[in-house]
Each structure stands twice: as C-alpha cells, then as structure tokens.
Amino acid sequence: MSDGERIASIVMVIFGTVLFIYFALSVMIFRLKNPHLKRPEAPTPREHSFLLHYIFRQWWYHWARPIAGYLRRHNFHPNTLTYMSVVFAFIAMLCFAFEMVTFGGFFMVLSGACDSLDGWLARETGTVSPQGAFLDSTLDRFGELLVFFGLGVFFRRTAFLYPIFLLIMGAVMVSYARARGQSLGVDFNKGLMQRAERIVYISGGAIFDPIVTWIFPVIPRGFFLGGVVTIVALLSLATAIFRTREVARLLKERQKIESSGGSVS
Numbered sequence: 001m002s003d004g005e006r007i008a009s010i011v012m013v014i015f016g017t018v019l020f021i022y023f024a025l026s027v028m029i030f031r032l033k034n035p036h037l038k039r040p041e042a043p044t045p046r047e048h049s050f051l052l053h054y055i056f057r058q059w060w061y062h063w064a065r066p067i068a069g070y071l072r073r074h075n076f077h078p079n080t081l082t083y084m085s086v087v088f089a090f091i092a093m094l095c096f097a098f099e100m101v102t103f104g105g106f107f108m109v110l111s112g113a114c115d116s117l118d119g120w121l122a123r124e125t126g127t128v129s130p131q132g133a134f135l136d137s138t139l140d141r142f143g144e145l146l147v148f149f150g151l152g153v154f155f156r157r158t159a160f161l162y163p164i165f166l167l168i169m170g171a172v173m174v175s176y177a178r179a180r181g182q183s184l185g186v187d188f189n190k191g192l193m194q195r196a197e198r199i200v201y202i203s204g205g206a207i208f209d210p211i212v213t214w215i216f217p218v219i220p221r222g223f224f225l226g227g228v229v230t231i232v233a234l235l236s237l238a239t240a241i242f243r244t245r246e247v248a249r250l251l252k253e254r255q256k257i258e259s260s261g262g263s264v265s
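Residues 1 to 265 in this note's numbering are what the sequence shown spells out, letter by letter.
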C-alpha cells in the first residue's frame with residue numbers, strides 16, 4: 001500500500017467512525033426521548049419493513065419534517081431535490097470508482113435523503129403532478145444504476161463483480177414488477193429488499209468496509225462491502241420474484257371475479 005492509499009484509508013476510517021458515532025448517538029437520544037414510540041406515521045403509507053426497524057424510520061421522519069418545512073418556507077421546488085439526488089448519486093459513483101468507498105456510501109445517503117424529501121415536499125407544497133412523479137421514478141432508476149456502475153468498477157477485478165450484475169437485475173425488476181402491475185390496476189409494493197433497504201444496507205456496508213479492514217487486517221479491502229452487496233443482490237432478486245408472483249396472482253383473481261360477474265374493490 002502506497003503512502004497515498006494509506007492516508008486515504010485512514011481518512012475513510014476516521015470519517016466512517018465519526019458518521020457511525022453521530023448516527024448511533026442520535027438514534028439513542030431520540031429513542032430515550034420517545035420511550036413509548038409507536039410505528040411511524042409516514043408521509044406515504046407503506047407496509048412494515050422487516051429489514052428497516054420502525055425506530056430508524058421514525059428517527060428519519062423526525063429529522064426530515066423540519067428540513068421539509070424549511071425548504072417549503074424558502075420556496076424550494078421538489079424537482080430540484082430530484083435533480084440533486086441524481087447529482088449525489090453521480091458523485092457516489094465516482095467515489096466508488098476511485099475506491100473511496102466511505103465517501104461513496106455517504107453520498108448514497110445524501111442521494112437517498114433527497115429522493116425521500118422530494119415527494120414529501122411536493123405534498124407539503126401542493127405541487128404533486130404526473131410530471132413530477134414520472135421524473136422522480138425515472139431519475140431514481142438513473143441514480144441507482146449510476147451507483148451500481150461505480151460499484152462494478154470498484155469490484156471489476158474481483159468475484160464480487162458478478163453479484164453486481166444480479167443486483168442490477170433485482171433492483172430493476174423490483175421496480176418494474178410494481179410499475180407494470182400499477183399499469184394493469186394492481187399496486188403491490190411489498191417485499192424485503194426495496195429501494196430504501198438497498199440504500200441503507202449498501203451505504204452502511206460502504207461506510208463500514210474500511211473500518212472492518214482496519215480492525216481486522218486479515219480481511220481484504222472491499223470484502224465486507226462485497227458480502228453486503230451479495231446479500232442485497234440475492235434478496236433483491238427474491239423480492240422481484242415474490243412481487244412478480246403476487247402481482248400475477250392478484251391479476252388472475254381479478255380476472256376470475258370479472259368473468260363471474262362480480263365487482264373488483
């Protein structure tokens with residue numbers, strides 16, 4: 001390892017440690033201040049996530065509300081956040097491609113935060129529109145694929161490149177299964193590994209990877225992140241298969257009801 005690589009590794013370990021301490025203390029203090037915390041009242045209802053505990057979701061809503069309020073008071077347009085999400089995803093791609101994985105994970109978080117806030121801000125300001133929804137969904141895919149491309153460059157000389165292909169397939173098909181179902185009148189959004197889970201787990205793996213290598217020098221750089229990516233890829237594929245099966249089942253049930261002269265609720 002050259003002196004430059006050693007310095008970069010130390011910087012990433014320090015930065016990742018600071019992020020972890022801040023996050024852990026923030027969640028802990030929030031939990032202590034809200035001992036009777038219940039499941040969150042999200043701005044957009046969603047089924048309970050097995051892989052993202054409601055405490056973390058509620059913590060995010062706690063911080064996002066004042067941010068959304070500030071942006072609304074200063075006439076910040078939701079589409080600007082959508083574009084910022086792609087910009088941060090592009091920066092994350094560059095960070096991964098140049099092996100600065102901790103910073104890649106950090107910018108993934110910023111991209112996901114902008115993606116979460118744009119829809120919220122649109123509802124707060126009454127600017128929800130088909131154009132905005134289309135831009136949001138489409139640019140989300142662009143941003144996510146940019147990040148995956150950066151990860152592919154990072155893992156280009158390792159066996160973890162193959163899980164990246166599976167990850168791309170799973171992520172695209174999870175979104176497509178829902179979108180195609182919606183176009184046919186069935187909105188099914190359940191599944192273990194959705195976009196929010198992918199962002200949290202991959203960014204967390206990226207931030208922790210240099211720390212794990214520093215604590216356990218026997219573990220090669222990128223191995224921890226590669227393991228996380230592999231798990232996320234497999235669960236994304238499983239989610240895509242699950243959604244495909246369930247949407248097909250619901251469409252078949254609706255067809256039976258319609259053919260028997262019943263009504264679809």
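Glycine included, C-beta positions come from ideal geometry on N, C-alpha and C.
Problem set entry | Neighbourhood of Met-169 by C-beta, 7 Å cutoff - its chain only, sequence neighbours within 5 removed | Leu-237
Exercise. Can you give the Cα-Cα distance for Arg-73 and Arg-31, rounded to whole angstroms?
Worked result: 29 Å
Exercise. Hey, how far is the Cα of Thr-138 from the Cα of Arg-178?
Worked result: 14 Å
For this session: For Gly-16, count neighbouring C-beta atoms within 10 Å of its own C-beta (all shown protein chains included) and say buried if the count is 16 or more, exposed if not.
Result: buried
Problem set entry | Cβ distance (whole Å) where Ala-24 is taken to contact Thr-102 below 8 Å | Contact doesn't hold; Cβ gap of about 16 Å is too wide.
Exercise. What beta strand (DSSP E) runs, 3 residues minimum, are completely inside the segment 21-109?
Worked result: none
Exercise. Are the C-beta atoms of Ile-168 and some chain B residue less than 8 Å apart?
Worked result: Structure shown: chain B not included; a single protein chain is present.
Exercise. For Met-193, does the three-state DSSP call read helix, strand or coil?
Worked result: coil
For this session: May I ask you to report which of helix, strand or coil DSSP gives Val-147?
Result: helix
For this session: Evaluate Met-93 with the Cβ neighbour count: other Cβ atoms within 10 Å of its Cβ, from every protein chain shown; 16 or more gives buried, anything less gives exposed.
Result: buried
Exercise. Would DSSP call Arg-254 helix, strand or coil?
Worked result: helix
Exercise. Run through DSSP, which three-state label would Pro-217 get?
Worked result: coil
For this session: Report all residues from its chain with a CB closer than 8 Å to the CB of Cys-114; omit the five preceding and five following residues, and keep chain order.
Result: Leu-81, Thr-82, Met-84, Ser-85, Phe-88
Problem set entry | Asn-79 to Ser-26 span [Cα, whole Å] | 29 Å
Exercise. What residue from Gly-185, Ile-219, Phe-96, Trp-63 has the CA that sits closest to Leu-145's CA?
Worked result: Phe-96
Exercise. Is it a yes or a no for the segment 185-194 touching the segment 123-139, going by three-plus beta-carbon pairs under 8 Å?
Worked result: no
Exercise. Whose CA, out of Gln-182, Val-229, Arg-157, lies closest to the CA of Asp-209?
Worked result: Val-229
Exercise. Can Phe-188 and Arg-243 be called in contact, C-beta distance under 8 Å?
Worked result: yes
Exercise. How far does the alpha helix (DSSP H) with Leu-184 in it reach, from first residue to last?
Worked result: Run containing Leu-184: none; DSSP gives neither H nor E here.
Problem set entry | Three-state secondary structure assigned by DSSP to Gly-152 | helix
Exercise. Could you give the distance in angstroms between the alpha-carbon of Phe-154 and the alpha-carbon of His-53?
Worked result: 30 Å
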